[in-house]
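Note that our numbering has the sequence shown beginning at 374, numbered continuously upward.
In this text, a Cβ means the ideal position worked out from N, Cα and C, and glycines have one as well.
Please read these numbers as outputs of a predicted model, since none were measured by experiment.
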Amino acid sequence: MAGIFNLSPMSRSRLIVLLSLLTVIFVSWFYLFYQHWQMTSLPMSEMWTPPSETAAWQLMDFGLVYVMWAVMMAAMMLPSAIPMILVFNKICKQRQLAPHLRVFLFVVAYLLIWFIFSAVLTVLQWQMHGLHFLSPMMDNQSKYMAATIFLLAGAYQFMPLKEIFLQNCRSPMGFLLTEWREGFSGAYYMGLKHGSMCVGCCWLQMLIMFAVGIMNLLAMVLITLLVLIEKTLPAYNQWICRLVGVLFIGWGVWIFPVEVDL
């Protein structure tokens, strides 16, 4: 404990920010594991599941689904944002700009973008239940839907638009030098901008959860690692993106249902 107080102000500030982010990430993943445990351990009569018909959805159903997606986005996307947030904190600390408050505003704005995207995912899930693409346990029931998502996600890995968004996500210093704004409103703006870039980069990867089962913990972990690798290994980024694209397309072709008339 004494070692913490002997740290330099810069190192102490970095540690405070890092521990705060890791706490949010841990709590988010704990919630997801708890939700998964409920769905796999409790009898159907004791658990909540989304209604199978769109007309049967009530405000509580939308709220529970939205919270699930919002927590999932925080758990999956905050880890890859840590390098950007730490660089932002370092710059603010060096310039004596109330770093912790500015970092807080940056992170809130970053998560706000993902929470807005979570609302879109909630509406999509609502419609997919109505179309019977998803089971009450939120597992995929449509091979056509799953294959289409994988094919689109794979194709997106090769698109220049993906690379444009990714360049803004994987270079913290470059992003901050280009998008820097002064003041607390500037910190909030930069968080919104970075969140928007990340959504543009990763939105189709998030849709894969519909294809593999929304509460598929292994898929959550793998996508989180994929996003983290894409955004933190720039030297290998293009090769990784292409490989992942090939794997997604290959899997989409493999699972695409083809009816053969004999």
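Notebook entry, point to check: Going straight from the alpha carbon of I389 to that of A584, what length do you get?
Noted result: For the purposes of this step, residue 389 is taken as the residue at position 16 of the sequence shown. For the purposes of this step, residue 584 is taken as the residue at position 211 of the sequence shown. Their Cα atoms are separated by approximately 38 Å.
Next item on the list: May I ask you to report which of helix, strand or coil DSSP gives M510?
Entry: In the sequence shown, counting from the first residue as 1, residue 510 sits at position 137. Note: M510 maps to coil in three-state DSSP.
Margin query: Under 8 Å: do the stretch 566–582 and the stretch 477–490 share three or more Cβ pairs, one atom per stretch?
Written below: yes
Margin query: Taking 8 Å as the threshold (C-beta atoms), are K516 and M383 in contact?
Written below: The count along the sequence shown starts at 1 and reaches residue 383 at position 10. The count along the sequence shown starts at 1 and reaches residue 516 at position 143. The answer is no: Cβ separation not under 8 Å.
Checklist line | Residue burial classification, A560 (beta-carbon count within 10 angstroms, cutoff 16) | finding: Here residue 560 is taken as the residue at index 187 of the sequence shown, counted from 1. A560 should be labelled buried.
Next item on the list: Measuring alpha carbon to alpha carbon, tell me which of R387, A448, W553 ends up nearest M588.
Entry: Position 215 of the sequence shown holds residue 588. Comparing Cα-Cα distances from M588 to each of R387, A448, W553, the minimum goes to A448.
Next item on the list: Inspect the beta-carbon positions of R615 and F506 and report whether they are closer than 8 Å.
Entry: Here residue 615 is taken as the residue at index 242 of the sequence shown, counted from 1. Here residue 506 is taken as the residue at index 133 of the sequence shown, counted from 1. In this structure, the beta-carbon distance from R615 to F506 does not fall below 8 Å.
Notebook entry, point to check: How big is the Cα-Cα spacing for S558 and G625?
Noted result: The residue labelled residue 558 in the question sits at position 185 within the sequence shown. The residue labelled residue 625 in the question sits at position 252 within the sequence shown. So the alpha carbons of these two residues sit roughly 43 Å apart.
Item checked: For F479 and G564, believed in contact at Cβ under 8 Å, the rounded distance -> As a working mapping, residue 564 is identified with position 191 in the sequence shown. As a working mapping, residue 479 is identified with position 106 in the sequence shown. Indeed, because the Cβ distance is near 4 Å, the residues count as touching under 8 Å.
Next item on the list: Verify whether the separation of the beta carbon atoms of L577 and L525 is less than 8 Å.
Entry: Residue 577 sits at position 204 when you count from the first residue of the sequence shown. Residue 525 sits at position 152 when you count from the first residue of the sequence shown. Taking 8 Å as the Cβ cut-off, L577 and L525 qualify as a contacting pair.
Check: Which residues in the same chain as P452 place their Cβ atom closer than 7 Å to its Cβ, once the five residues preceding and following it in sequence are excluded?
Finding: Along the sequence shown, one-based indexing puts residue 452 at 79. For P452, where only same-chain residues beyond five positions count, the Cβ hits under 7 Å are I398, T597, L601.
Item checked: Minimum C-alpha distance to F490 - residue among M441, Q611, W612 -> As a working note, residue 490 is residue 117 in the sequence shown. With distances taken between Cα atoms, F490 lies closest to M441.
Next item on the list: Decide if A428 is buried, meaning its Cβ has at least 16 other Cβ atoms within 10 Å, or exposed.
Entry: Along the sequence shown, one-based indexing puts residue 428 at 55. Exposed is the call here.
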